[in-house]
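Okay, so here's the structure we're looking at.
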Amino acid sequence: MLDRKVAPPVQPLASITLPAADVLLLPNGARLHILRNAAQPVIRLQAVFKAGKWYEPAPSVSLLTARMLLEGTRTRTARQIADEVAFYGASLECEQGFDRATLTLYCLSRHLEKLLPLFLDVITAPTFPEVELAQLKARTIQNVRIERQKTSYLAAEQFSRNLYGPTFPYGVVFDEAKFDGVLVEQVRAFHQEFYQLMGAEIFLCGDVLPEHEQLIQQTLGITQSQQTNIASVEAFTISAPPLDYVTVPGSLQASLRIGRLWPSNSHPQTHQLQVLVKVLGGYFGSRLMKNIREDKGFTYGIYASVGPREHATSFVIGSDVNAASADAAIQEVHYELRKLQEELIPADELQTVKNYMTGKFANELSTVFEQCDKYKSIVFFNIPTDYYSEFIKQTQAVDARALQLLAQEYLSPEQMIEVVVGPQR
1 MLDRKVAPPV
11 QPLASITLPA
21 ADVLLLPNGA
31 RLHILRNAAQ
41 PVIRLQAVFK
51 AGKWYEPAPS
61 VSLLTARMLL
71 EGTRTRTARQ
81 IADEVAFYGA
91 SLECEQGFDR
101 ATLTLYCLSR
111 HLEKLLPLFL
121 DVITAPTFPE
131 VELAQLKART
141 IQNVRIERQK
151 TSYLAAEQFS
161 RNLYGPTFPY
171 GVVFDEAKFD
181 GVLVEQVRAF
191 HQEFYQLMGA
201 EIFLCGDVLP
211 EHEQLIQQTL
221 GITQSQQTNI
231 ASVEAFTISA
241 PPLDYVTVPG
251 SLQASLRIGR
261 LWPSNSHPQT
271 HQLQVLVKVL
281 GGYFGSRLMK
291 NIREDKGFTY
301 GIYASVGPRE
311 HATSFVIGSD
321 VNAASADAAI
331 QEVHYELRKL
341 QEELIPADEL
351 QTVKNYMTGK
361 FANELSTVFE
371 QCDKYKSIVF
381 FNIPTDYYSE
391 FIKQTQAVDA
401 RALQLLAQEY
411 LSPEQMIEVV
421 VGPQR
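The sequence shown begins at 1 in UniProt numbering and counts up by one.
Dropping the structure here:
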């Protein structure tokens, strides 16, 4: 009989090797990355452009451009685009991020040929109708007004502003007046400059057949009229106060954000740093959760995480707590940071974290789409191709002394920027 009081044995993960991608240079200079897996008759096609927040000449232009791509082209209305996508049981969306914008199509592999002209049309011939742009602005402004009633949203926004600076692309916060003032001509100009296929990274994964590869080359390998220019941004310096309190009258809770700039994924000890962050606050059994949630009862949840981006990486501890407990919660965070600097992590705790990390990583590779997402990180962050196999090796090999030294270097409370958003003190 199964004894449910006894945990099943844990088998160490020996190694991980991502499937190799075929990389082809299209006639227009775009790179096509193909990962094949015929387990299911589904394909994901993504065209990724250097068209994120980093490259925009004015605030919010990149966001509006991405969201307007599906609002009509020279040959299709927004309704026709939606109907065609729905007819084939597909999905098509464009997402804008800090560094890049991505147009993503999911469909059955047998329908790719029918949907490729639509995919190309959305990239090359959007019309950006002014009526739809005005409606999008109004909806977005209303959504942000609602979000800004939440202390957690305000804390995240102010933390980014303080960490990177108000003029660095990652630190620029939403400005309603500037957003509403963006002209359709600015959106069209941004699209013309930054949505060039010749500068795109194209990812095709799933049940990819030879004819699909040929279709992509013929359709997305065309040359457009203008070369993309790469934006340049001056380096940032931190001049924000180490502790910043934002008042929200009448709030019953306070939101905390504590963190700093962090080494990038290319740092030689990046994998050991990931273990350190997991021990601190990267999973439900972490030290912050046990202390501030389970023991003190200050919050329902608290986390520590690393946010890698192409031009800067951040480390942040975040939580929403009872307003009266905010100062005590911060002191407990400081206590846990110093404890990692002063004491070695017990062997059983460290092994639990290692098992969790390697098991979770293996689970994140269960589909070809997830495998492609890992591969994209290698491409965009310019990290070695053995990055993920090294993750397994270094995660399993790191010891408590090495983590203590890293904590002493990177986790001093005095190095952190702190933002608290809550009621009048």
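The beta-carbon is built from N, C-alpha and C at its ideal position, and this holds for glycine as well.
Asked	Found
What does a CB cutoff of less than 6 Å around Q408 pick up in its chain, not counting 5 residues either side in sequence?	Q341
Would you report the Cα separation of I43 and K374, rounded to the nearest angstrom?	17 Å
If I123 and Y170 are in contact, beta carbons under 8 Å, what's the gap, nearest whole angstrom?	About 26 Å; that fails the 8 Å criterion.
Please work out which residues of its chain come closer than 7 Å, Cβ to Cβ, to V398, disregarding the five sequence neighbours upstream and downstream, and give them in chain order.	Q272, V275
Is the beta carbon of V333 less than 8 Å from the beta carbon of S305?	no
Specify the secondary structure class of V398 as computed by DSSP and reduced to three states.	coil
Just to confirm the assignment, what range does the beta strand (DSSP E) spanning D244 have?	243 to 247
So for F203, helix, strand or coil by DSSP?	strand
Please determine, among A66, L209, S160, Q217, the residue with the shortest C-alpha to C-alpha distance to Q192.	A66
With a threshold of 16 other CB atoms inside 10 Å of the CB of T17, please say whether the residue is buried or exposed.	exposed
Could you say which of Y88, A125, S160 lies nearest to A312 if we only look at CA atoms?	S160
From P129 to G72, what does the alpha carbon distance come to, in whole angstroms?	7 Å
Below 8 Å between beta carbons: does that hold for I81 and L118?	yes
Measure the C-alpha to C-alpha separation of L337 and I378 and round it to an integer number of angstroms.	31 Å
Quick one: residues in its chain with C-beta nearer than 7 Å to the C-beta of A21, no 5 flanking neighbours on either side, listed in chain order?	H33, I34, L35, Y375
What residue does the alpha helix (DSSP H) around G52 start on, and which one ends it?	First-last for G52: undefined, no H or E at that position.
Rounded to a whole number of angstroms, what is the C-alpha to C-alpha distance between P57 and L133?	18 Å
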